[in-house]
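Quick notes on the structure that follows.
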């Protein structure tokens, strides 16, 4: 018992020493501010964020597979981010292996981006909960944290909650949603689910469904980031012209200098390069048609069982097109560092889920079932600040749409089912927002869809029909802008992207500074018209 008490005293002393060092760093910063002329706030923001030169390429991200030095990892876990950054700076003064140097540079950027995503103290979170939910008691927040119901980190010994933790609870906790003081939110949610059920039934009845989607996307700089006359690059996402997108019409942009990436781009954008003018916005407008065909996974799995008994059909052997598609799909069976990794834990998990199953449809379905019934939806911090996405989701048993899609992709690949990424916007008559999902390949059927987050929501709501639907199918309200995770844009960037993995909210940078969406600029996607149409 005494040994435990000694250890507690030792830990308390260590924490006190760290806090003293943190205060020394802050004291030196304040003394520096007194000696040097005060910079404009926009310049301060620029100095406080590190942007990696030549960091626009996603290839640098492989360094995230390198483990952090223990001292840095401990300080980060304890929330002493300034001191962790100071240790990194000292390390970078040494001669280091190139991979470790890259890892530390990336970690320096991660530490700079973390605090702004967690603005709420414990007490302010309690106050917000009482303003949002009826009869909320302080102890309930303890229980929700213990259940992993929201994202939080520790900063300088204080628990800080993620900026959108309230939205997360409304989305995932049915009991809390019924205690909302603003009941309009409940009815909006129910109307959305009723619409999806209606679309699902129409697809099953008609065999396919097509929508027409008219969108306007725009980006604008916040006042402190505006630098008139400075050369700026802004990129906004555009739809890919493949898979479910049957027609795409580019309707124009403003300013007119926008250049559209070719149809071959795997993360497609329109790129503006100009000198920034005060109050300027960057806009692009387009239309597309989305067609989804209904696929019955049970019927398909039974047919595959029969075809295996009879041997491959002559039609399959004689079709060069199908053989080419099958060979192309094999590209999506391997690892993709740093996030799609076949770790021992993920291999064991895949084996536990799939067992001795050999039918590829049922393999993928077992993985979908596991994720949708075991992984709780949760808004998370920016993907750049999460080191291993699939492992994060599988160990924390929570994650948003993209993290669930990546876990599905990784587990499918481990068991020999080709799987890949698709993402962009979910744009229906009622709302529009960013969304990610997955595709998996089955011979004779081609590329199919799996939306684990929509499926998980249906499971939690007790809607088993909709839960089954989102394995193999999607609603026709998707705008895919990305078909390859963690790929470069067609138009190169100088600085590290705010989201080096995906392409949904755009990117911006000056000649000498990268810019962050939500901090330096805002992106808005506006639905002009979204309707179901006949072919």
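In the working numbering, the protein residues as written are 76 to 610. Think of the CB as a built atom: it goes at the ideal place given N, C-alpha and C, for glycine as much as any other residue.
Review point. Okay, do the stretch 220 to 240 and the stretch 273 to 288 touch, 3+ Cβ pairs below 8 Å being the bar?
Key: No, the stretch 220 to 240 is not in contact with the stretch 273 to 288.
Check your understanding: Helix, strand or coil for residue 598 per DSSP?
Key -> Here residue 598 sits in strand by DSSP.
Review point. In or out: residue 412 buried (at least 16 other Cβ within 10 Å) or exposed?
Key: Taking all protein chains in view, the Cβ of residue 412 is surrounded by fewer than 16 other Cβ atoms within 10 Å, so the residue is classified as exposed.
Review point. How would you label residue 119, buried or exposed, when you count the other beta carbons within 10 angstroms and need 16 or more for buried?
Key: Note on residue 119: pLDDT 37, under 50, position unreliable in the model; no value is reported.
**Study point:** Environment of residue 466 [buried if 16+ CB atoms lie within 10 Å]
**Key:** With 16 or more Cβ atoms within 10 Å of its Cβ, residue 466 is classed as buried.
Check your understanding: Per the contact definition of three or more C-beta pairs closer than 8 Å, is the stretch 310 to 329 in contact with the stretch 284 to 296?
Key -> Yes, the stretch 284 to 296 touches the stretch 310 to 329.
Check your understanding: Between the Cα of residue 615 and the Cα atoms of 181, 582, 448, which residue gives the shortest distance?
Key -> Within the shown structure, residues of the chain are numbered from 76 to 610, placing residue 615 beyond reach of any answer.
Point to revise | Residues near residue 335 in its chain [Cβ-Cβ closer than 7 Å; skip 5 each side] | key: Around residue 335: 313, 325, 345.
Check your understanding: Rounded to whole angstroms, how far is the Cβ of residue 248 from the Cβ of residue 224, which I believe are closer than 8 Å?
Key -> Between residue 248 and residue 224 a beta carbon distance of about 6 Å is seen, short of the 8 Å cut, so the two are scored as contacting.
Point to revise | Residues that residue 464 bridges to, as DSSP identifies them | key: According to the DSSP secondary-structure assignment, residue 464 is paired through a beta bridge with no residue.
Point to revise | Of the residues 332, 337, 448, 407, the one placed nearest residue 347, counting alpha carbons only | key: Comparing Cα-Cα distances from residue 347 to each of 332, 337, 448, 407, the minimum goes to 332.
Check your understanding: Under the rule that 16 or more other beta-carbon atoms within 10 Å means buried, what is residue 446, buried or exposed?
Key -> Result: buried.
Check your understanding: Can you give the beta carbon distance from residue 594 to residue 191, rounded, assuming they're within the 8 Å contact cut?
Key -> Rounded, the Cβ-Cβ distance is 7 Å, consistent with contact.
Check your understanding: In angstroms, rounded to a whole number, what distance separates the CA positions of residue 409 and residue 489?
Key -> Spanning the two alpha carbons is a distance of roughly 8 Å.
Check your understanding: Three or more C-beta pairs closer than 8 Å, one from the stretch 600 to 609 and one from the stretch 288 to 299: is that the case here?
Key -> Yes, they touch.
Exercise for review: Could you name each continuous alpha helix (DSSP H) segment of 4 residues or more that falls completely within the stretch 259 to 324, going from the start of the chain to the end?
Suggested key: Counting only runs of 4 or more residues that sit fully inside the stretch 259 to 324, the alpha helix (DSSP H) segments are 259 to 281, in chain order.
**Study point:** residue 363 versus 596, 555, 165, 568, residue with shortest Cα-Cα distance
**Key:** The residue from 596, 555, 165, 568 with its alpha-carbon nearest to that of residue 363 is 555.
Check your understanding: When the Cα of residue 510 is compared with those of 517, 500, 518, which residue comes out closest?
Key -> Of the residues 517, 500, 518, the one whose Cα lies closest to the Cα of residue 510 is 500.
Exercise for review: List the DSSP bridge partners of residue 195.
Suggested key: For residue 195, DSSP records a beta bridge to 236.
Exercise for review: Since I believe residue 307 is in contact with residue 349 (beta carbons under 8 Å), could you give me their beta-carbon distance rounded to a whole number of angstroms?
Suggested key: Contact check for residue 349 and residue 307: beta-carbon distance about 7 Å, within the 8 Å limit, so the pair qualifies.
Practice item. Can you give me the Cβ contacts of residue 612 inside the same chain, cut-off strictly under 7 Å, excluding the 5 residues immediately before and after it? Key: In the structure displayed, the chain extends from 76 to 610; residue 612 sits before or after that span and is not available.
Check your understanding: Can you give the Cα-Cα distance for residue 378 and residue 449, rounded to whole angstroms?
Key -> Roughly 29 Å separates the two Cα atoms.
Check your understanding: Using the beta-carbon count (16 or more within 10 Å), is residue 156 buried or exposed?
Key -> Counting the other CB atoms within 10 Å of its CB gives residue 156 a total of 16 or more, which places it among the buried residues.
Review point. Which runs of the beta strand (DSSP E) spanning at least 3 residues fall entirely within the stretch 498 to 577, listed in chain order?
Key: Counting only runs of 3 or more, we get 507 to 517, 521 to 525, 553 to 557.
Review point. Going by Cα to Cα distance, which pick from 357, 316, 315 is closest to residue 330?
Key: That would be 357, whose Cα lies nearest to the Cα of residue 330.
**Study point:** Cα-Cα separation between residue 202 and residue 596, rounded to whole angstroms
**Key:** In a straight line, the C-alpha of residue 202 is about 29 Å away from that of residue 596.
Check your understanding: In terms of DSSP beta bridges, what is residue 227 paired with?
Key -> Listed as beta-bridge partners of residue 227 by DSSP are 236.
Exercise for review: Run the CB neighbour count on residue 537, radius 10 Å, all protein chains shown included, and call it buried at 16 or more, exposed below.
Suggested key: With a threshold of 16 other beta carbon atoms within 10 Å, residue 537 falls short and is exposed.
Check your understanding: Buried or exposed: residue 568, going by 16 or more other Cβ atoms within 10 Å of its Cβ?
Key -> Result: buried.
Practice item. Buried or exposed for residue 606, please, with buried defined as at least 16 other CB atoms from any protein chain shown within 10 angstroms of its CB. Key: By the 10 Å Cβ count, residue 606 comes out exposed.
**Study point:** Beta-carbon proximity list for residue 150, same chain, < 6 Å, skipping 5 on both sides
**Key:** If you ignore the 5 residues before and after residue 150, its C-beta comes within less than 6 Å of the C-beta of 158, 159, all in its own chain and listed in chain order.
Exercise for review: Tell me whether residue 338 is buried or exposed, calling it buried when 16 or more other Cβ atoms sit within 10 Å of its Cβ.
Suggested key: Around the beta carbon of residue 338, a 10 Å sphere encloses fewer than 16 other beta carbons of the protein chains shown; the residue is thus reported as exposed.
**Study point:** Sequence-distant residues of the same chain with beta carbon closer than 7 Å to residue 141, five excluded per side
**Key:** Hits under 7 Å: 174, 175, 178.
Exercise for review: Please report how far the alpha carbon of residue 590 lies from the alpha carbon of residue 311, in whole angstroms.
Suggested key: Answer to the nearest angstrom: the Cα atoms are 14 Å apart.
Point to revise | Residue interval of the beta strand (DSSP E) (run including residue 367) | key: Where residue 367 is concerned, the enclosing beta strand (DSSP E) starts and stops at 356 to 368.
Check your understanding: When the Cα atoms are used, what is the spatial distance from residue 222 to residue 565?
Key -> So the two alpha carbons sit approximately 42 Å from each other.
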